[in-house]
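J.: Here's a structure for you.
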Amino acid sequence: MSVAKPILEYIKGIRVQLDMQRSIKAFKRIAKYTKPYIHLIILIIILSSFRSYLFTLEPLYTAQIIDKVIVANDYDLLVGLLTKIFLAVAGFGILNFTVIFINSYMAKKIVQDIRTDYYNALQEKSFEFHDSAAVGDLISRATMDLQPVDAFIAASVGTICDAIFTAVAVSLIMTSINPILSIISVFPILLTFYFNVGLFTKSMPLFRRMQLILGRIGAYIQQDIIGMKNVRIFKREDEMEDGFKQVEALYVATAVSAGRVQSVYTPAAEATLSLGVTLIYIYGANLVVSPAALLTIGDLILFTRYMRRLTNPLKNLSQLIGQWVNASAGFERVTDMIDAPVDIEEQPDARDIKIEVGNVEFKDVEFGYTKNLPVLRNINMSVQPGEKIAILGATGSGKTSLIYLIPRFYDTTRGSITIDGNDLREFKLSSLRKQIGLVLQDVFLFSGTMRDNIAFGKPDASLEEVMTAAKLAQIHDFIDSLPEKYDTTIGERGVTLSGGQKQRVTIARTLLTNPKILILDDSLSFVDAKTEHDIQQAIEEAMKGRTTFMIAQRLSTIKNADRIMVLDNGEIVEFGSHDDLMTKNGIYRKIYETQFLEKAPEEILGTVA
52 MSVAKPILEY IKGIRVQLDM QRSIKAFKRI AKYTKPYIHL IILIIILSSF
102 RSYLFTLEPL YTAQIIDKVI VANDYDLLVG LLTKIFLAVA GFGILNFTVI
152 FINSYMAKKI VQDIRTDYYN ALQEKSFEFH DSAAVGDLIS RATMDLQPVD
202 AFIAASVGTI CDAIFTAVAV SLIMTSINPI LSIISVFPIL LTFYFNVGLF
252 TKSMPLFRRM QLILGRIGAY IQQDIIGMKN VRIFKREDEM EDGFKQVEAL
302 YVATAVSAGR VQSVYTPAAE ATLSLGVTLI YIYGANLVVS PAALLTIGDL
352 ILFTRYMRRL TNPLKNLSQL IGQWVNASAG FERVTDMIDA PVDIEEQPDA
402 RDIKIEVGNV EFKDVEFGYT KNLPVLRNIN MSVQPGEKIA ILGATGSGKT
452 SLIYLIPRFY DTTRGSITID GNDLREFKLS SLRKQIGLVL QDVFLFSGTM
502 RDNIAFGKPD ASLEEVMTAA KLAQIHDFID SLPEKYDTTI GERGVTLSGG
552 QKQRVTIART LLTNPKILIL DDSLSFVDAK TEHDIQQAIE EAMKGRTTFM
602 IAQRLSTIKN ADRIMVLDNG EIVEFGSHDD LMTKNGIYRK IYETQFLEKA
652 PEEILGTVA
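Just so you know, we're using my numbering here: the sequence shown kicks off at 52 and counts up by one.
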């Protein structure tokens, strides 16, 4: 299968269109975000009304200059009228800047609130949600999908007010001059508005699609660059190039469609307006030259200028309608994530409970990621305070799933887990997790200093505390050898460190929080045997008084545990000390005896039981 196929399928599936029912629902929800800023909306409405009033004055004063100064030769009025034009234009400019600024500020604050809700919602989502969600898609929703929302809100109130106030003011003035001429001008204006609405509602979704395709093109190029070694090793250059051409072809096709829409609607709108102005000139000229002089030259020019001036706010209004198509689609993608159910919910009566001794008990526990497909079955065990439990099993046997149940990253499907006799659901999540230290196999370091990374779980830790944790994890000497020591900056994801160094930093991070329960998820997999031995010795004292769960494949680590649990197909098949399990002649003994034959535990578990 082509590596470009998933991207192509995604792009072909992009559809941005207006669904009235969903659109209304989205509009109501955005309106709720505007409540804290209602004072700004009122201010925008007031300023927009004055702005629209000033917008109508310049053509009116220009018409008076034509009729009263040029035609009537009364040049004494010229300075006063020019002064009024200057003040009207300057006042309009100031108000226009103010309205745009306030509107933009309000939009940024509203989008900030939406993005904060989105971010907080992601923080509350379970591991299961993040396991299935695509990181790039989640980032896109918080960035690209909120851009059209920002643009719509920034233009909405001012544009709507401008269209309404300007239309009312201009219509009243035009009607007072000549009602029939006003009626004639209405039809081309409305037809121009119709073409502009068609232009923006049809073209802006295409531009939105182009934007999304560009994002996918960037992702495709990034994937190609990062995987360039593999591309060349497996001689896939031609296929990658073909995939890029297909993605690029979709972008070009979309751009051509957008250009086709513009080529139809833009000239139609301009031609309609020009035709309307021509009709006004034809009919108005007859009124000007008629014996009764029913219309002045200034009034005729005023009509044509008002027609053009009225089309601008209406054009902006039609553009706003097109923007809403994109904004509602983007906003819906964001709220879909906000509304996604939270699998791990805190009970209303949950409380802060201190783990005093660290007794952990599983009672008839069953768990599965999918209904009726359990990953763990019939898990029963009682772990005493300070006991070290090693967990051994083949890939897919449920080792990681089991330990993730303890800090409630997932909830049991059936049965219960207690700590010191308290069901996990009785704990507040923050209270539970801050007392459990977890070192993952998948090491992650943040961009920042060594000190910041070690103190991530305890930001207020002193340098002495950080150094103590680093010494326990056998990373202090390395950090101390760096030019800036604990202030040394780590690159993104710790790319400047080796796998073993990164692992030891994460171990130091966990030990700094002084957890009552310690979980090591194959956390020594990236260190060599000597370093592993050094770390094991170093944290031996730190594990005293702590209940510890260790997932490991190296029997040199496992056999030193108080008890060893062997999982197979989601069930505990053996559980006891190293000596006890060796006497049973079961799976554990076979693994132990074949360790030096370099057979993996998966091979043994696949042939035994």
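Cβ atoms here follow ideal geometry from the backbone N, Cα and C, with glycine treated the same way.
Inspect the beta-carbon positions of VAL426 and GLY627 and report whether they are closer than 8 Å.
T.: No, the pair does not count as a contact, with Cβ atoms beyond the cut-off.
J.: For LEU648, count neighbouring C-beta atoms within 10 Å of its own C-beta (all shown protein chains included) and say buried if the count is 16 or more, exposed if not.
T.: In this predicted model, LEU648 has a pLDDT of only 45, less than 50, meaning its place in the structure is not dependable; the value taken from the coordinates is given anyway. Per the 10 Å Cβ criterion, exposed.
J.: When you compare the region 566-573 with the region 474-491, are there three or more beta-carbon pairs, one atom per stretch, that lie closer than 8 Å?
T.: The region 566-573, when compared against the region 474-491, does touch it at the 8 Å Cβ threshold.
J.: Could you tell me which of MET261, GLU417, LEU133 and ILE96 sits nearest to SER207, measuring between CA atoms?
T.: If we check each option's Cα against that of SER207, ILE96 comes out closest.
J.: If I measure Cβ to Cβ from GLY499 and keep anything under 8 Å in the same chain, skipping five residues before and after, which residues do I get?
T.: If we look at GLY499 and ignore the five residues flanking it on each side, its Cβ neighbours are THR540 and ILE541.
J.: Can you tell me whether DSSP reads LYS641 as helix, strand or coil?
T.: Helix at LYS641.
J.: Ignoring anything shorter than 3 residues or poking outside the region 384-458, list the beta strand (DSSP E) runs there in chain order.
T.: Qualifying beta strand (DSSP E) stretches, in chain order: 411-418, 427-434 and 439-444.
J.: Contact defined as beta carbons within less than 8 Å: I believe PHE600 pairs with ILE442. What is the distance between those atoms, to the nearest angstrom?
T.: Contact holds; Cβ gap of about 6 Å.
J.: With distances taken between CB atoms, is the gap from ILE454 to ILE602 smaller than 8 Å?
T.: For ILE454 and ILE602, yes; Cβs fall inside 8 Å.
J.: Could you tell me the distance, in whole angstroms, from the CA atom of GLU654 to the CA atom of THR463?
T.: At GLU654 the pLDDT is 47, less than 50, meaning the model places this residue with poor confidence; the figure from the coordinates comes in the next sentence. The alpha-carbon atoms of GLU654 and THR463 are separated by roughly 29 Å.
J.: Can you round the beta-carbon distance between GLN374 and PHE143 to whole angstroms, since I take them to be within the 8 Å contact cut?
T.: 24 Å between Cβ atoms; not a contact.
J.: Looking only at C-alpha atoms, which of VAL303, LYS253, GLU292 and THR355 sits nearest to TYR316?
T.: With distances taken between Cα atoms, TYR316 lies closest to LYS253.
J.: Using three-state DSSP, classify ILE526 as helix, strand or coil.
T.: Here ILE526 sits in coil by DSSP.
J.: For the ligand SAM, any of its heavy atoms closer than 7 Å to the Cβ of GLY349?
T.: The ligand SAM is absent from the structure shown, which contains no ligands of any kind.
J.: What did DSSP end up calling GLU288 once you bin it into helix, strand or coil?
T.: Three-state result, GLU288: helix.
J.: Under the DSSP definition of a beta bridge, which residues are partnered with PHE600?
T.: Bridge partners of PHE600: ILE440 and ILE570.
J.: Have a look at ARG384, GLY466 and LYS635 and flag the residue whose alpha-carbon is nearest the alpha-carbon of ASP188.
T.: The shortest C-alpha separation from ASP188 is found at ARG384.
J.: Indicate the three-state DSSP secondary structure (helix, strand or coil) for VAL494 in the structure shown.
T.: In the structure shown, VAL494 sits in coil (DSSP, three-state: anything other than H, G, I, E or B).
J.: Tell me the DSSP secondary structure of GLY664 in three-state form.
T.: No information on residue 664 is available, as it lies outside the stretch 52 to 660 that the chain covers here.
J.: Determine the closest residue to TYR334 out of THR386, SER308, PRO230 and SER532, with distance taken between C-alpha atoms.
T.: Ranking THR386, SER308, PRO230 and SER532 by Cα distance to TYR334 puts PRO230 first.
J.: Check each candidate in ILE75, PHE295, TYR88 and ALA218 and name the one with the smallest Cα separation from SER100.
T.: Comparing Cα-Cα distances from SER100 to each of ILE75, PHE295, TYR88 and ALA218, the minimum goes to ALA218.
J.: According to DSSP, is ASP630 helix, strand or coil?
T.: Correct three-state label for ASP630: helix.
J.: What does the alpha-carbon distance come out to for the pair SER532 and SER191?
T.: Between SER532 and SER191, the C-alpha separation is close to 41 Å.
J.: Can you tell me whether MET279 is helix, strand or coil according to DSSP?
T.: Reduced to three states, the DSSP call for MET279 is helix.
J.: Around the Cβ of SER314, are there at least 16 other Cβ atoms within 10 angstroms (buried) or fewer (exposed)?
T.: The residue is exposed, with fewer than 16 neighbouring Cβ atoms inside 10 Å.
J.: Looking at ILE117 and ILE352, is the spacing between their C-beta atoms short of 8 Å?
T.: For ILE352 and ILE117, yes; Cβs fall inside 8 Å.
J.: By DSSP, does ASP168 sit in helix, in strand, or in coil?
T.: ASP168: helix per DSSP, three-state reduction.
J.: Between GLY349, GLU397, LYS135 and PRO364, which lies nearest to SER482 when the distance is taken from Cα to Cα?
T.: Closest option to SER482, Cα to Cα, is GLU397.
J.: Could you check whether PRO256 and VAL376 sit closer than 8 Å to each other, using their CB atoms as the reference points?
T.: Contact: yes.
J.: Pull up the distance between the alpha-carbon of ASN154 and that of ASP196, whole angstroms please.
T.: The alpha-carbon atoms of ASN154 and ASP196 are separated by roughly 20 Å.
J.: Looking at the secondary structure, which residues open and close the alpha helix (DSSP H) in which ASP213 lies?
T.: 198-228 is the extent of the alpha helix (DSSP H) around ASP213.
J.: Just mark MET181 as buried or exposed, buried being the case when its beta carbon has 16 or more other beta carbons within 10 Å.
T.: Rather than Met, the amino acid found at residue 181 in this sequence is His. Exposed, because fewer than 16 other Cβ atoms sit within 10 Å of the Cβ of HIS181.
J.: Please report the distance separating the alpha-carbon of ASN504 from that of ALA512.
T.: Looking at the two C-alpha atoms, the distance is approximately 11 Å.
J.: Compare the beta carbon distance of THR210 and LEU361 with 8 Å and say whether it is the shorter of the two.
T.: Going by C-beta atoms, THR210 is not nearer than 8 Å to LEU361.
J.: Please return the same chain residues whose Cβ sits closer than 8 Å to the Cβ of PRO652, not counting the five positions on each side in sequence.
T.: Model confidence at PRO652 stands at a pLDDT of 49, short of 50, so the residue's coordinates are unreliable and nothing is read from them.
J.: With DSSP as the reference, label GLU622 as helix, strand or coil.
T.: Of the three classes helix, strand and coil, the one that applies to GLU622 here is strand, per DSSP.
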